[in-house]
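Everything on this sheet refers to the single structure shown next.
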Amino acid sequence: MSPGDLLTHRVSGYYTSSQSSVAEHKFVEMGEGVSGQEPSSMPLNESLTRFHQLRKQSDLQLVKCIQNDANHRQYIVASPLSPTTLFFTDKDLERQYRQQAHKPRQDSPRTLASSHLNTYFDILVSALVYILVSVSLFLMFPYTLGWLVLCLISTCWHLLLLVLCSSQVAQGGDLSGHSSSLASKLYLRLTRWHPWHACGGSLICLPLAAVFSNFSCEEATNVTLRFFCYLVFVATIHLCNFTQLNCWMKNILATVGIVILLVLVSPFMCSQGQNNDPESIPDSFGNFTANIVESESSLVFVELVVAALLLLVFVWFLNREFEISYRLSFYGSVMATKDKFRVQTMKNQADWLLQNIIPPDVADSIKATAKYSENHRDVAIMFASIVNFNELYDESYLGGKEYLRVLNELVADVDELLQRDDFKNIEKIKTIGSTYMAAAGLNTKVRQSNTDAHQHIFELVEFARAMQKVIDDFNQDLIEFNLILRIGLNFGDVTAGVIGTTKLYYDIWGDAVNIASRMDSTGMPGRIQVSSTCATVLNRRYELERRGQVFVKGKDNMDVYLLKGPKDNT
Numbered sequence: 001m002s003p004g005d006l007l008t009h010r011v012s013g014y015y016t017s018s019q020s021s022v023a024e025h026k027f028v029e030m031g032e033g034v035s036g037q038e039p040s041s042m043p044l045n046e047s048l049t050r051f052h053q054l055r056k057q058s059d060l061q062l063v064k065c066i067q068n069d070a071n072h073r074q075y076i077v078a079s080p081l082s083p084t085t086l087f088f089t090d091k092d093l094e095r096q097y098r099q100q101a102h103k104p105r106q107d108s109p110r111t112l113a114s115s116h117l118n119t120y121f122d123i124l125v126s127a128l129v130y131i132l133v134s135v136s137l138f139l140m141f142p143y144t145l146g147w148l149v150l151c152l153i154s155t156c157w158h159l160l161l162l163v164l165c166s167s168q169v170a171q172g173g174d175l176s177g178h179s180s181s182l183a184s185k186l187y188l189r190l191t192r193w194h195p196w197h198a199c200g201g202s203l204i205c206l207p208l209a210a211v212f213s214n215f216s217c218e219e220a221t222n223v224t225l226r227f228f229c230y231l232v233f234v235a236t237i238h239l240c241n242f243t244q245l246n247c248w249m250k251n252i253l254a255t256v257g258i259v260i261l262l263v264l265v266s267p268f269m270c271s272q273g274q275n276n277d278p279e280s281i282p283d284s285f286g287n288f289t290a291n292i293v294e295s296e297s298s299l300v301f302v303e304l305v306v307a308a309l310l311l312l313v314f315v316w317f318l319n320r321e322f323e324i325s326y327r328l329s330f331y332g333s334v335m336a337t338k339d340k341f342r343v344q345t346m347k348n349q350a351d352w353l354l355q356n357i358i359p360p361d362v363a364d365s366i367k368a369t370a371k372y373s374e375n376h377r378d379v380a381i382m383f384a385s386i387v388n389f390n391e392l393y394d395e396s397y398l399g400g401k402e403y404l405r406v407l408n409e410l411v412a413d414v415d416e417l418l419q420r421d422d423f424k425n426i427e428k429i430k431t432i433g434s435t436y437m438a439a440a441g442l443n444t445k446v447r448q449s450n451t452d453a454h455q456h457i458f459e460l461v462e463f464a465r466a467m468q469k470v471i472d473d474f475n476q477d478l479i480e481f482n483l484i485l486r487i488g489l490n491f492g493d494v495t496a497g498v499i500g501t502t503k504l505y506y507d508i509w510g511d512a513v514n515i516a517s518r519m520d521s522t523g524m525p526g527r528i529q530v531s532s533t534c535a536t537v538l539n540r541r542y543e544l545e546r547r548g549q550v551f552v553k554g555k556d557n558m559d560v561y562l563l564k565g566p567k568d569n570t
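Right, dumping it as structure tokens:
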């Protein structure tokens with residue numbers, strides 16, 4: 001293998017980094033040495049150097065390709081949150097977050113992580129923590145009037161919110177604002193952004209307030225102070241509840257609670273009350289014992305300060321992370337909803353474009369099988385041509401663009417007729433120059449719902465007459481020129497199908513289609529000409545005028561009829 005062969009190892013313009021080439025090269029040289037043949041003229045070291053140079057060149061090309069790729073320029077996504085306030089940098093998104101923080105999202109399933117259920121759980125957890133703290137206070141501390149009043153007010157406040165949550169759960173979480181019950185209206189008002197911060201702030205502060213209301217220097221012993229600190233720590237951790245509240249508000253409340261705790265238990269606050277029953281200490285050791293107690297009290301207070309500060313840092317960290325997590329979850333849901341809406345819009349546009357190329361029932365079949373071909377019986381076919389459009393068309397004026405615009409407006413007016421319910425059986429097939437082709441009876445489901453077996457044929461005749469009226473109305477806007485429409489009708493068996501896998505083309509084929517085209521080409525301007533087969537069916541509802549025999553290419557002479565109009569009894 002010569003060194004130049006390494007240049008042939010390229011994939012999509014990049015050198016491969018396969019080690020097989022080197023191994024193969026080494027094996028060839030060893031084989032040649034054993035067989036007695038001359039080794040390669042280029043030393044192996046030089047070949048390896050050349051190979052490493054090619055690998056380096058390949059890596060540089062790959063790096064350059066990635067740098068030039070516009071789709072991968074941003075590898076780091078900027079956070080949608082402000083680093084200090086944690087508000088969304090997008091004001092509209094922040095407003096949407098505040099409006100929907102407690103409302104169920106219509107586009108997401110109901111789970112335990114739903115925003116409105118999150119509110120229910122927060123209130124329930126707050127009530128449980130308050131009950132545990134209150135029971136502990138009743139067991140460890142004597143009753144005071146202030147504590148009893150606070151307990152009564154707090155209990156009523158918790159019960160009110162629990163009743164409101166229970167009513168919402170009973171109603172299935174209807175927060176749309178359409179409910180007329182008093183509980184729903186009150187709950188909606190309380191769960192708005194600012195009122196809910198006031199309600200949530202009061203709920204998370206109640207355990208702290210309950211503990212502080214039971215503090216007394218007269219009852220401050222080592223046991224009671226230790227238990228008092230434990231309850232304050234539990235109440236402080238409870239400030240991590242209500243993830244929908246702003247973390248700064250909860251952190252400030254936690255800081256205030258810790259500061260109050262340190263002030264209350266400091267040696268300077270209740271210096272006379274914090275003792276170990278000095279009456280039991282002998283007088284000869286009084287001074288020595290007092291110094292030891294004071295020293296131990298200072299050490300305990302220092303430990304308490306360290307523990308309280310660590311707990312405060314922990315609560316600050318948790319509150320910040322909880323709010324970031326909750327806001328990013330909301331942001332992800334909003335972005336997913338937008339992407340889902342965008343994808344659905346693109347899908348609807350694609351379906352709309354596809355259904356404008358081929359009928360909806362055919363499009364559904366193609367989505368499932370990627371192919372479509374079907375035979376239909378007794379399908380009505382119509383060809384309608386503007387016989388004098390070439391006289392109007394003039395390429396010397398703007399290259400004929402203005403006349404094509406006129407033709408487009410005319411075809412668009414005819415297409416609007418297909419939106420009417422009385423033309424539900426009709427499908428537009430195509431336009432060939434100034435000729436409009438349509439068929440009726442291709443949709444099997446719609447055809448089965450018809451009350452008459454030949455209803456689709458009658459609809460196509462009415463569509464042809466409506467086209468004549470469209471032409472008459474259009475001629476009123478033309479100056480010194482009238483467009484003349486010529487229509488041919490026939491019905492029979494056809495084959496419908498889609499040609500190709502790209503740029504799909506829907507069309508129909510069959511002898512009935514050819515005859516319908518001949519009915520148009522041999523017809524009379526301004527009239528609707530039908531074949532004898534079609535005339536036998538139309539004779540039930542329409543008056544027909546026999547034109548006689550007309551030579552039709554491929555069919556020799558054929559009896560044809562001209563449509564005069566509907567019968568008086570229909």
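Position 10 of the sequence shown, counting from 1, maps to 10 under full-length UniProt numbering, and the rest follow consecutively. From the three backbone atoms N, C-alpha and C, an ideal C-beta is built for every residue, glycine too.
Beta strand (DSSP E) containing residue i: first to last residue?
i      : result
Gln455 : Run containing Gln455: none in the beta strand (DSSP E); it sits in the alpha helix (DSSP H), Gln455 to Asn475.
Thr431 : Ile426 to Ile432
Ala440 : Thr435 to Ala440
Tyr393 : Note, Tyr393: premise wrong, no beta strand (DSSP E); not H, not E.
Ile515 : Taken as a continuous stretch (DSSP letters only), Ile515 belongs to no beta strand (DSSP E), being part of the alpha helix (DSSP H) at Asp511 to Ser521.
Lys564 : Asp556 to Pro566
Thr502 : No beta strand (DSSP E) holds Thr502; DSSP gives it neither H nor E.
Can you tell which of the options has its C-alpha closest to the C-alpha of residue i?
i           : options                           : result
Ile357      : Thr49, Ile258, Lys428 and Arg189  : Lys428
Ser166      : Ala183, Leu152 and Met558         : Ala183
His197      : Leu239, Leu162 and Cys229         : Leu239
Val406      : Lys371, Ile479 and Phe463         : Ile479
Ala384      : Lys430, Glu402 and Gln349         : Lys430
Leu563      : Val530, Ser126 and Arg226         : Val530
Arg447      : Leu504, Gly500 and His376         : His376
Phe423      : Asn443, Leu404 and Ile432         : Asn443
Asn390      : Val305, Ala308 and Ile484         : Ile484
Val125      : Phe227, Leu161, Gln171 and Phe141 : Leu161
Tyr187      : Asp511, Thr119, Gly500 and Pro360 : Thr119
Gln244      : Tyr326, His194, Phe228 and Val149 : Tyr326
Met140      : Thr501, Phe227, Thr435 and Phe51  : Phe227
Gly497      : Asn388, Glu545 and Glu374         : Glu374
residue 577 : Leu203, Gly510, Val550 and Ile499 : Outside the shown range of the chain, which is 1 to 570, sits residue 577, and nothing can be said about it.
Cys270      : Ala254, Thr221 and Asp351         : Thr221
Gly510      : Ala308, Ala101 and Asn490         : Asn490
Gln168      : Leu190, Asn251 and Leu318         : Leu190
Please report the residue range of the alpha helix (DSSP H) in which residue i lies.
i      : result
Leu538 : Ser532 to Leu538
Arg405 : Lys401 to Leu417
Met269 : From DSSP, Met269 is part of no alpha helix (DSSP H); its letter is neither H nor E.
Gln171 : Unbroken run through Gln171: none, as it is neither H nor E.
Ser188 : It should be noted that the sequence gives Leu, not Ser, for residue 188. Looking at the DSSP string, the run of the alpha helix (DSSP H) that includes Leu188 is Leu182 to Leu190.
Val552 : From DSSP, Val552 is part of no alpha helix (DSSP H) but of the beta strand (DSSP E) over Tyr542 to Val552.
Tyr97  : Lys91 to Gln100
Arg447 : Thr444 to Gln448
For residue i, I'd like the list of residues in its chain whose CB is within less than 7 Å of its CB, leaving aside the five on either flank, ordered along the chain.
i      : result
Phe233 : Leu311
Ser17  : Low confidence applies to Ser17: its pLDDT is 42, below 50, so where it sits in the model is not reliable, and the reading given next is rough at best. Cβ within range, chain order: Arg55 and Ser58.
Ser434 : Ser385, Ile386, Phe389 and Leu407
Cutting at 6 Å between CB atoms, please list the residues of its own chain near residue i, excluding the five before and the five after it.
i           : result
residue 574 : Residue 574 is absent from the model: the chain starts at 1 and stops at 570.
Ala466      : Leu417
Ala440      : Ala380, Asn425, Ile426, His456, Glu459 and Leu460
Pro142      : none
His454      : Val537
Report, in whole angstroms, the separation of the C-beta atoms of residue i and residue j, which I expect to be a contact under 8 Å.
i      : j      : result
Arg486 : Met437 : 13 Å between Cβ atoms; not a contact.
Gly257 : Ala235 : 7 Å
Ile381 : Ala464 : That belief does not hold up - the Cβ atoms of Ile381 and Ala464 are roughly 11 Å apart, past 8 Å.
Thr533 : Gly492 : 7 Å
Val263 : Leu225 : Val263 to Leu225, Cβ: 13 Å. No contact.
Val560 : Arg547 : 5 Å
Lys555 : Ile515 : 7 Å
Leu392 : Phe474 : Leu392 to Phe474, Cβ: 12 Å. No contact.
Pro267 : Ser298 : 6 Å
Beta-carbon within less than 8 Å of residue i's beta-carbon, same chain only, minus the 5 sequence neighbours each way: which residues are those?
i      : result
Val470 : Leu410, Asp413, Val414 and Leu417
Lys553 : Arg518
Glu94  : Phe87 and Phe88
Val133 : Pro207, Ala210, Val211, Leu231, Val234 and Ala235
Phe288 : Residue confidence is low: Phe288 scores 44 on pLDDT, short of 50, so the model does not pin down where it sits. Its coordinate-derived value is still stated next. Excluding positions up to five away in sequence, the list is empty.
Does any C-beta atom of chain C lie closer than 7 Å to the C-beta of residue i?
i      : result
Leu137 : Absent from the structure: chain C. Only one protein chain is present.
Handout entry: Sequence ranges, alpha helix (DSSP H) only - wholly within the segment 200-263, length at least 4
Key = 222-237
Practice task
Only counting runs of 4 or more residues, tell me where the alpha helix (DSSP H) segments fall wholly within the segment 307-382, in order along the chain.
Solution key: 360-369
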